Amino acid sequence: MVDPGLDKSSFEATVLVGTQLCSRRLLQQIIYCVGGVSVFFPLFTKSDLYEIEEAKQAGQALLTPITKERLTAEVIELIASVLDENLANQQQMLLLSGFPILGFLLQSVPPEQLNMDTLSALKHLFNVVANSGLSDMLVKDAISHIFLNPVVWVYSVYRVQRELYMFLIQQFDNDPRLLRSLCRLPR
Numbered sequence: 002m003v004d005p006g007l008d009k010s011s012f013e014a015t016v017l018v019g020t021q022l023c024s025r026r027l028l029q030q031i032i033y034c035v036g037g038v039s040v041f042f043p044l045f046t047k048s049d050l051y052e053i054e055e056a057k058q059a060g061q062a063l064l065t066p067i068t069k070e071r072l073t074a075e076v077i078e079l080i081a082s083v084l085d086e087n088l089a090n091q092q093q094m095l096l097l098s099g100f101p102i103l104g105f106l107l108q109s110v111p112p113e114q115l116n117m118d119t120l121s122a123l124k125h126l127f128n129v130v131a132n133s134g135l136s137d138m139l140v141k142d143a144i145s146h147i148f149l150n151p152v153v154w155v156y157s158v159y160r161v162q163r164e165l166y167m168f169l170i171q172q173f174d175n176d177p178r179l180l181r182s183l184c185r186l187p188r
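Residue numbers (this note's numbering): 2 to 188.
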């Protein structure tokens, strides 16, 4: 047992000359401190600038180049990774009305970016929130403000719309309560 009367400074470590102090954190933990998932939302409005910058920087290559068609999907995948198994970010997504805002922002995304990659990323995001601690509320928000939002999908190609509605049918079959609560339809 340690004597509480001992000098506590004798237990402190000494930083040697040349030692660089740093603290490492995961993006999930850091992003909460600077605004949570909402810091990624402005990226949805920058797709038109992406094309201009792409033309200017034709000689400069990114480590992993992202095509304009994949830009929206990449942002959604980033949001999913920040929400994955992080209750604080999930709570923030709920409290800040993240899915209603995301649905609104997706309405302004060019139809060519609402492609199979984007739908796949949205389905992944859905699965992340479906397996979260706040799944009931986040799933309802995601379905009603993104997947059932006709303004988002009206100009997307047939293949994407078909896959979207097949996904919704599957979700309603898996959980009939969703059909009653979101669509006000009996099973």
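Think of the CB as a built atom: it goes at the ideal place given N, C-alpha and C, for glycine as much as any other residue. Just so it is clear, the structure is predicted and the values come from calculations on it, not from any experiment.
Judged by DSSP in its simplified three-state form, E86 adopts coil rather than helix or strand.
For S48, the closest of E86, L183, V161 and P112 by C-alpha to C-alpha distance is P112. Under the 8 Å Cβ criterion, the segment 70-82 does not count as touching the segment 135-143, having fewer than three qualifying pairs.
By the 16-neighbour rule on beta-carbons within 10 angstroms, G99 is buried.
I144 counts as buried, since no fewer than 16 other beta carbons sit within 10 angstroms of its beta carbon. Between the C-alpha atoms of F127 and S121 there is a straight-line separation of about 10 Å. The criterion of a C-beta distance shorter than 9 Å is satisfied by L179 and F173.
Per DSSP, F173 is one residue of the alpha helix (DSSP H) stretching across Y159 to N175. Between F168 and V110, the CB-CB gap reaches or exceeds 9 Å. Beta-carbon to beta-carbon, Q114 and G37 are separated by about 24 Å, too far to satisfy the 8 Å threshold. For G104, the enclosing alpha helix (DSSP H) starts and ends at G99 to L107. Exposure of V35 is indicated by the presence of fewer than 16 other C-beta atoms within 10 angstroms of its C-beta. For T119, the enclosing alpha helix (DSSP H) covers residues M117 to A131. In summary, N87 is buried, with 16 or more beta-carbon neighbours lying within 10 Å of its beta-carbon over all protein chains present. Of the residues Q91, T119 and Q108, the one whose Cα lies closest to the Cα of Y156 is Q108. In this structure, H146 and P177 do not form a Cβ contact; the two beta carbons are roughly 21 Å apart against a cut-off of 8 Å. Along the segment 9-41, the alpha helix (DSSP H) occurs as fully enclosed runs of 4 or more residues at 28-34, listed in sequence order.
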